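Below: one structure, written as structure tokens.
2 protein chains.
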Amino acid sequence: MLNFSYHVPTKVYFGRGQLERLGPALKDLGSRRVLLLYGGGSIKRSGLYDQVVAALGEHGIGFVDVGGVQPNPRVSHVRAAAAACRREKVDAVLAVGGGSVIDEGKAVAAAVFYDGDPWDFCVGRARVERALPLGTVLTLAATGSEMNAGAVISNDETREKLPMFGACLKPRFSILDPTFTFTLPPVQTAAGVADIISHCFEQYFSPTPATYLADRLAEAVIATCVAFGPQALARPDDYDARAELMWASSWGLNDLLSCGKEGDWAVHMVEHELSALNDLSHGVGLAILTPAWMRFVADTPARVAKVAAYGRNVWRLDGTDDDVARAAADKTASFFVDAMKLPGTLKEVGFGAADLKVAAKQATRFGPLGRFRKLNEGDVLTILRAAA
Amino acid sequence: MLNFSYHVPTKVYFGRGQLERLGPALKDLGSRRVLLLYGGGSIKRSGLYDQVVAALGEHGIGFVDVGGVQPNPRVSHVRAAAAACRREKVDAVLAVGGGSVIDEGKAVAAAVFYDGDPWDFCVGRARVERALPLGTVLTLAATGSEMNAGAVISNDETREKLPMFGACLKPRFSILDPTFTFTLPPVQTAAGVADIISHCFEQYFSPTPATYLADRLAEAVIATCVAFGPQALARPDDYDARAELMWASSWGLNDLLSCGKEGDWAVHMVEHELSALNDLSHGVGLAILTPAWMRFVADTPARVAKVAAYGRNVWRLDGTDDDVARAAADKTASFFVDAMKLPGTLKEVGFGAADLKVAAKQATRFGPLGRFRKLNEGDVLTILRAAA
Numbered sequence: 230m231l232n233f234s235y236h237v238p239t240k241v242y243f244g245r246g247q248l249e250r251l252g253p254a255l256k257d258l259g260s261r262r263v264l265l266l267y268g269g270g271s272i273k274r275s276g277l278y279d280q281v282v283a284a285l286g287e288h289g290i291g292f293v294d295v296g297g298v299q300p301n302p303r304v305s306h307v308r309a310a311a312a313a314c315r316r317e318k319v320d321a322v323l324a325v326g327g328g329s330v331i332d333e334g335k336a337v338a339a340a341v342f343y344d345g346d347p348w349d350f351c352v353g354r355a356r357v358e359r360a361l362p363l364g365t366v367l368t369l370a371a372t373g374s375e376m377n378a379g380a381v382i383s384n385d386e387t388r389e390k391l392p393m394f395g396a397c398l399k400p401r402f403s404i405l406d407p408t409f410t411f412t413l414p415p416v417q418t419a420a421g422v423a424d425i426i427s428h429c430f431e432q433y434f435s436p437t438p439a440t441y442l443a444d445r446l447a448e449a450v451i452a453t454c455v456a457f458g459p460q461a462l463a464r465p466d467d468y469d470a471r472a473e474l475m476w477a478s479s480w481g482l483n484d485l486l487s488c489g490k491e492g493d494w495a496v497h498m499v500e501h502e503l504s505a506l507n508d509l510s511h512g513v514g515l516a517i518l519t520p521a522w523m524r525f526v527a528d529t530p531a532r533v534a535k536v537a538a539y540g541r542n543v544w545r546l547d548g549t550d551d552d553v554a555r556a557a558a559d560k561t562a563s564f565f566v567d568a569m570k571l572p573g574t575l576k577e578v579g580f581g582a583a584d585l586k587v588a589a590k591q592a593t594r595f596g597p598l599g600r601f602r603k604l605n606e607g608d609v610l611t612i613l614r615a616a617a
Numbered sequence: 230m231l232n233f234s235y236h237v238p239t240k241v242y243f244g245r246g247q248l249e250r251l252g253p254a255l256k257d258l259g260s261r262r263v264l265l266l267y268g269g270g271s272i273k274r275s276g277l278y279d280q281v282v283a284a285l286g287e288h289g290i291g292f293v294d295v296g297g298v299q300p301n302p303r304v305s306h307v308r309a310a311a312a313a314c315r316r317e318k319v320d321a322v323l324a325v326g327g328g329s330v331i332d333e334g335k336a337v338a339a340a341v342f343y344d345g346d347p348w349d350f351c352v353g354r355a356r357v358e359r360a361l362p363l364g365t366v367l368t369l370a371a372t373g374s375e376m377n378a379g380a381v382i383s384n385d386e387t388r389e390k391l392p393m394f395g396a397c398l399k400p401r402f403s404i405l406d407p408t409f410t411f412t413l414p415p416v417q418t419a420a421g422v423a424d425i426i427s428h429c430f431e432q433y434f435s436p437t438p439a440t441y442l443a444d445r446l447a448e449a450v451i452a453t454c455v456a457f458g459p460q461a462l463a464r465p466d467d468y469d470a471r472a473e474l475m476w477a478s479s480w481g482l483n484d485l486l487s488c489g490k491e492g493d494w495a496v497h498m499v500e501h502e503l504s505a506l507n508d509l510s511h512g513v514g515l516a517i518l519t520p521a522w523m524r525f526v527a528d529t530p531a532r533v534a535k536v537a538a539y540g541r542n543v544w545r546l547d548g549t550d551d552d553v554a555r556a557a558a559d560k561t562a563s564f565f566v567d568a569m570k571l572p573g574t575l576k577e578v579g580f581g582a583a584d585l586k587v588a589a590k591q592a593t594r595f596g597p598l599g600r601f602r603k604l605n606e607g608d609v610l611t612i613l614r615a616a617a
């Protein structure tokens with residue numbers, strides 16, 4: 230186990246009706262005027278927008294309305310929202326939506342205090358030192374952004390999609406009401422589940438030895454997705470299933486699962502290149518790539534053993550390490566395609582052979598990917614072709 | 230799943246050498262003079278006391294030295310330490326020790342701002358509204374006090390042992406260096422492991438339905454104790470084993486495992502009465518009582534099924550619910566006695582038949598205990614006699 234620091238100060242209000250905490254939580258931050266940031270029209274159709282506006286009004290909190298955050302949030306939109314924050318003198322950001330809206334909320338919160346271009350945070354030209362306080366109302370169980378310090382931003386001009394981080398970007402509070410996810414389209418529910426599972430894998434498949442508790446915790450989160458993903462698809466208004474998935478999303482990526490170990494993150498890096506090319510939904514890309522990646526990296530006894538541990542502890546498979554590892558990858562593929570009804574190949578989501586070459590080249594432009602097994606451009610292309 | 234709030238803002242610095250964070254962490258709190266609170270002489274013998282004093286000196290932080298915290302910390306000692314804090318105008322409490330020292334640190338931190346008697350916090354005559362900031366350096370993996378809002382205090386005059394709580398009592402930071410537990414006597418290591426496991430049980434065995442993720446997380450922490458408790462006994466300076474147990478202790482009782490569910494806590498309540506009688510080590514009492522409690526409460530199909538789930542998921546037992554539940558209780562008893570070398574009966578630790586009657590009466594003086602299965606005085610006596 231490696232040394233680590235752990236600090237997740239986000240206040241979580243979880244359950245039905247917790248939107249009543251919104252006004253008091255913003256008051257606790259001393260807020261009088263917020264940026265109300267959201268995506269497309271879904272929160273207007275569902276009535277959540279009106280509930281949020283009413284809660285702000287009840288507590289005398291003004292707001293600047295900025296919708297239109299896209300699924301892969303654009304730095305151009307971040308710039309515009311940050312300009313609105315400065316112009317309108319808002320003192321906090323309230324992100325109402327899924328991971329994309331929360332991620333953009335983080336970028337905006339930091340951009341407000343930065344004189345340069347916010348893309349600088351993604352390419353390492355600037356560090357996030359200060360940000361507006363951020364609160365979130367979550368509408369999709371997926372990214373864990375509601376309880377962590379990271380954001381992923383896309384640049385429409387350079388066709389890049391890159392992460393940014395800052396301890397001060399951790400949401401001050403997050404309202405997690407599972408009923409807000411009842412109206413999600415099935416593919417978004419499924420892609421969210423794939424995202425949660427992928428976060429667990431990226432931390433589970435680590436080169437660091439002696440990480441027993443962290444590994445068992447990751448298996449607990451994965452098993453929760455396996456148990457309740459199909460249930461949420463079958464019955465979108467199943468409160469218990471939605472609640473399990475929502476809480477799983479937060480713990481899938483809020484630092485706990487990576488305490489004391491190095492993560493891998495190769496699949497995420499490759500997926501970012503794919504979704505930078507054609508706006509592929511992040512979770513769909515992860516679901517397609519993961520089984521191909523898992524089969525490719527199971528190439529030494531130690532790595533086979535780790536894949537087999539996942540197979541035994543999550544899928545309750547029995548047999549030799551080789552057999553169980555192979556079956557675990559098959560189970561993973563079948564879970565995404567058969568149980569979660571997600572596409573199983575890159576072809577189905579519009580990628581041709583030329584795209585795969587571009588993605589492999591782009592993904593490795595800063596060097597090899599991954600820590601569990603290092604991947605060079607050729608390795609990435611092999612995985613992409615296996616997922617084609 | 231029930232509605233809940235979750236907020237654990239403690240900064241954790243985990244690993245070898247993390248004592249170097251002590252000075253900066255206290256500086257972050259704006260501290261210039263702390264109460265340095267500790268127990269018996271073990272931190273002086275191990276050299277930790279000198280390291281702490283040196284770290285304070287390096288950062289120009291003064292301290293008031295108060296040792297002598299007892300294993301079941303006394304309210305009389307709390308009063309004296311709080312008086313020293315007021316007299317010497319300390320601005321933070323630094324607890325260096327195990328759960329008893331940290332618990333007393335919490336009581337002192339609250340008592341400093343309270344004009345009445347600190348025992349009022351334990352009997353519900355006062356609420357903790359304000360407290361000095363608390364930092365901890367942990368030397369025993371057991372109570373989870375390093376990351377939670379609770380403390381258990383004993384009253385030598387009334388022979389009572391009762392909990393107190395306050396959100397402001399959560400440590401601001403905790404330094405968790407597993408090497409600080411290398412020199413523990415074996416019985417303390419074992420009692421600490423029993424305490425962690427018991428915390429998991431108290432939250433795992435709940436009447437609340439639909440708590441899948443919370444249950445799997447609890448099993449992960451229990452399995453970690455089962456895997457590494459005997460290893461730490463066999464090799465006291467095994468870093469990996471000590472690290473797993475230390476991190477397990479924090480997550481065993483820092484609110485995560487009880488999110489969305491009611492806990493039971495009957496075994497803890499009964500144990501508190503036993504250790505109020507003869508200063509029994511808390512973890513030893515829990516280890517003795519738990520298997521007897523587990524057998525007693527497995528009396529309906531639903532409760533048998535829950536005990537069986539524990540048996541299947543932690544001990545990998547197969548069979549009918551009845552068989553697995555019975556075997557799970559036996560495995561638990563055997564783990565504490567055979568693997569962890571703890572006493573298996575109340576007789577071995579000095580309790581006679583008359584004591585059991587007193588404990589059963591005292592434990593139920595405010596009403597029945599437990600939520601998984603309610604226990605009246607007769608039930609408690611039956612369990613105590615089964616553990617005699």
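Listed in order, the protein sequences are those of chains A and P.
In this note's numbering, each number is its position in the first sequence, counted from 1, plus 229.
In this note's numbering, each number is its position in the second sequence, counted from 1, plus 229.
Glycine included, each C-beta is placed from N, C-alpha and C at the ideal position.
What you are looking at is a predicted structure, and each value in this text was computed from that prediction instead of being measured.
**Report entry** Coil, strand or helix - R245 of chain A by DSSP
**Finding:** Translated into the one-based positions of the first sequence, residue 245 of chain A becomes position 16. It is coil, neither helix nor strand.
Requested in this report: Kindly list, in the order they appear in chain P, the residues whose Cβ is closer than 8 angstroms to that of T453 of chain A.
Outcome: For this step, residue 453 of chain A is matched to residue 224 along the first sequence. The answer, in chain order, is Y441, L442 and R445.
Query raised in the report: In the structure shown, what three-state DSSP assignment does K603 of chain A receive?
Result: In the first sequence, counting from the first residue as 1, residue 603 of chain A sits at position 374. DSSP places K603 of chain A in coil when its eight states are reduced to three.
Query raised in the report: With a cut-off of 9 angstroms, does the C-beta of T418 of chain A fall near any C-beta of chain P?
Result: The count along the first sequence starts at 1 and reaches residue 418 of chain A at position 189. Taking Cβ atoms only, chain P never reaches closer than 9 angstroms to T418 of chain A, which makes this a no.
Query raised in the report: Once you ignore the five residues that flank V618 of chain P on each side, which residues in its own chain have a CB closer than 7 angstroms to its CB?
Result: This structure cannot speak to residue 618 of chain P, because chain P is shown only from 230 to 617.
Report task. Write down the C-beta distance between K470 of chain P and A461 of chain P rounded to the nearest angstrom, noting that I regard them as a contact closer than 8 angstroms. Result -> Within the second sequence, the letter at position 241 stands for residue 470 of chain P. Within the second sequence, the letter at position 232 stands for residue 461 of chain P. For the sequence presented, residue 470 of chain P should be read as Ala rather than Lys. Indeed, because the Cβ distance is near 4 angstroms, the residues count as touching under 8 angstroms.
Query raised in the report: Can you tell me whether DSSP reads V263 of chain A as helix, strand or coil?
Result: On the first sequence, position 34 is the one that residue 263 of chain A refers to. It is a strand residue.
**Report entry** is_contact[E375 of chain P, chain A] using C-beta, thresh 9 angstroms
**Finding:** For the purposes of this step, residue 375 of chain P is taken as residue 146 along the second sequence, with counting starting at 1. Closer than 9 angstroms: no.
Report task. Please report how far the alpha carbon of A521 of chain P lies from the alpha carbon of R303 of chain P, in whole angstroms. Result -> In the second sequence, the residue the question calls residue 521 of chain P occupies position 292. In the second sequence, the residue the question calls residue 303 of chain P occupies position 74. Roughly 29 angstroms between the two C-alpha positions.
Query raised in the report: Going by C-alpha distance, which of A:P572, A:H288 and A:A311 is nearest G296 of chain A?
Result: By 1-based counting over the first sequence, the position of residue 296 of chain A is 67. Considering only alpha carbons, the answer is A:A311.
Query raised in the report: Does T437 of chain A get closer than 9 angstroms to chain P when you measure Cβ to Cβ?
Result: Taking the first sequence and counting its residues from 1, the one referred to as residue 437 of chain A is at position 208. Chain P contact via Cβ: absent.
**Report entry** Sub-9 angstroms separation of A472 of chain P and F243 of chain P beta-carbons
**Finding:** As a working note, residue 472 of chain P is residue 243 in the second sequence. As a working note, residue 243 of chain P is residue 14 in the second sequence. Yes. Within cutoff.
Query - Cβ-Cβ distance between R532 of chain A and F457 of chain A below 9 angstroms - result: Walking along the first sequence from the start, residue 532 of chain A turns up at place 303. Walking along the first sequence from the start, residue 457 of chain A turns up at place 228. No. Outside cutoff.
Query raised in the report: Could you give the residue range of the alpha helix (DSSP H) that holds A449 of chain P?
Result: On the second sequence, position 220 is the one that residue 449 of chain P refers to. Y441 to A463 is the extent of the alpha helix (DSSP H) around A449 of chain P.
Query - Closest Cα partner of V566 of chain A within the set A:L255, A:R614 and A:P415 - result: By 1-based counting over the first sequence, the position of residue 566 of chain A is 337. If we check each option's Cα against that of V566 of chain A, A:P415 comes out closest.
Report task. Measuring only between beta-carbons, confirm whether M230 of chain A sits less than 9 angstroms from chain P. Result -> Looking up residue 230 of chain A in the first sequence gives position 1. Answer yes: the Cβ-Cβ gap between M230 of chain A and chain P drops below 9 angstroms somewhere.
Query raised in the report: Does the beta carbon of C351 of chain A sit closer than 9 angstroms to a beta carbon anywhere in chain P?
Result: Position 122 of the first sequence holds residue 351 of chain A. No, C351 of chain A lies away from the interface with chain P (no Cβ there is under 9 angstroms from its Cβ).
Report task. Could you work out which residue in A:F292, A:D344 and A:W348 is closest to V322 of chain A when comparing CA atoms only? Result -> As a working mapping, residue 322 of chain A is identified with position 93 in the first sequence. Among A:F292, A:D344 and A:W348, the Cα nearest to that of V322 of chain A belongs to A:F292.
**Report entry** Span of the beta strand (DSSP E) around E389 of chain A
**Finding:** For the purposes of this step, residue 389 of chain A is identified with residue 160 of the first sequence, where counting begins at 1. Where E389 of chain A is concerned, the enclosing beta strand (DSSP E) stretches over E389 to F394.
Requested in this report: Below 8 angstroms on the Cβ atoms is my guess for C314 of chain P versus V337 of chain P; work out the distance and round it to an integer in Å.
Outcome: Stepping through the second sequence from its first residue, residue 314 of chain P is reached at position 85. Stepping through the second sequence from its first residue, residue 337 of chain P is reached at position 108. Yes, C314 of chain P and V337 of chain P are in contact; Cβ-Cβ is about 6 angstroms, under 8 angstroms.
Requested in this report: With DSSP collapsed to three states, give me the class of T365 of chain P.
Outcome: Position 136 of the second sequence, counting from 1, holds the residue named residue 365 of chain P. Three-state DSSP puts T365 of chain P in a strand.
Report task. Could you check the C-alpha separation between Q591 of chain P and S275 of chain P for me, to the nearest Å? Result -> Walking along the second sequence from the start, residue 591 of chain P turns up at place 362. Walking along the second sequence from the start, residue 275 of chain P turns up at place 46. Those two C-alpha atoms are separated by around 39 angstroms.
**Report entry** Y278 of chain P in three-state terms, based on DSSP
**Finding:** Within the second sequence, residue 278 of chain P is the residue found at index 49, counting from 1. Y278 of chain P: helix per DSSP, three-state reduction.
Requested in this report: Output, in chain order, the set of chain A residues within a Cβ distance shorter than 7 angstroms of R245 of chain P.
Outcome: Within the second sequence, numbered from 1, the residue matching residue 245 of chain P stands at position 16. Chain A residues near R245 of chain P: N232.
Requested in this report: Could you run through the region 506-519 of chain A and flag, in chain order, every residue whose CB is less than 9 angstroms away from some CB of chain P?
Outcome: none
Report task. Measure the C-alpha to C-alpha separation of R250 of chain A and G252 of chain P and round it to an integer number of angstroms. Result -> Locating residue 250 of chain A in the first sequence gives position 21, counting from the first residue. Locating residue 252 of chain P in the second sequence gives position 23, counting from the first residue. When rounded, the distance between both Cα atoms is 36 angstroms.
Query raised in the report: At least one CB of chain D closer than 9 angstroms to the CB of T387 of chain P: is that the case?
Result: Here the protein chains are A and P, and chain D is not one of them.
**Report entry** As assigned by DSSP and simplified to three states, the class of L503 of chain A
**Finding:** Taking the first sequence and counting its residues from 1, one reaches residue 503 of chain A at position 274. If DSSP states are grouped into helix, strand and coil, L503 of chain A belongs with the helices.
Query raised in the report: Starting from G379 of chain A and walking both ways along the beta strand (DSSP E), at which residues does that stretch end?
Result: As a position in the first sequence, residue 379 of chain A is number 150, starting the count at 1. Start and end: G379 to N384.
Query raised in the report: Hey, how far is the Cα of W494 of chain P from the Cα of H428 of chain P?
Result: For the purposes of this step, residue 494 of chain P is taken as the residue at position 265 of the second sequence. For the purposes of this step, residue 428 of chain P is taken as the residue at position 199 of the second sequence. C-alpha separation (whole angstroms): 8 angstroms.
**Report entry** Residue from P:E606, P:D584 and P:A583 whose Cα sits closest to the Cα of R594 of chain P
**Finding:** Taking the second sequence and counting its residues from 1, one reaches residue 594 of chain P at position 365. Cα-wise, what sits closest to R594 of chain P is P:E606.
Query raised in the report: If you count every other CB in all the chains shown that lies within 10 Å of the CB of T549 of chain P, and 16 or more means buried, which is it?
Result: If you number the second sequence from 1, residue 549 of chain P lands on position 320. With fewer than 16 Cβ atoms within 10 Å of its Cβ, T549 of chain P is classed as exposed.
Requested in this report: At 7 angstroms on the CB atoms, spell out the chain P contacts of E473 of chain A, in chain order.
Outcome: In the first sequence, the residue the question calls residue 473 of chain A occupies position 244. What E473 of chain A touches in chain P: Y441 and L442.
Query - Whether C397 of chain P touches A443 of chain P by CB criterion (9 angstroms) - result: Counting from 1 along the second sequence, the entry for residue 397 of chain P is found at position 168. Counting from 1 along the second sequence, the entry for residue 443 of chain P is found at position 214. For C397 of chain P and A443 of chain P, no; Cβs fall outside 9 angstroms.
Query raised in the report: Helix, strand or coil for F434 of chain P per DSSP?
Result: Looking up residue 434 of chain P in the second sequence gives position 205. Correct three-state label for F434 of chain P: coil.
Query - Backbone secondary structure at G373 of chain A - three-state DSSP - result: As a first step, residue 373 of chain A must be located in the first sequence, where it is residue number 144. Looking at G373 of chain A - three-state DSSP - the assignment turns out to be coil, as it is neither helix nor strand.
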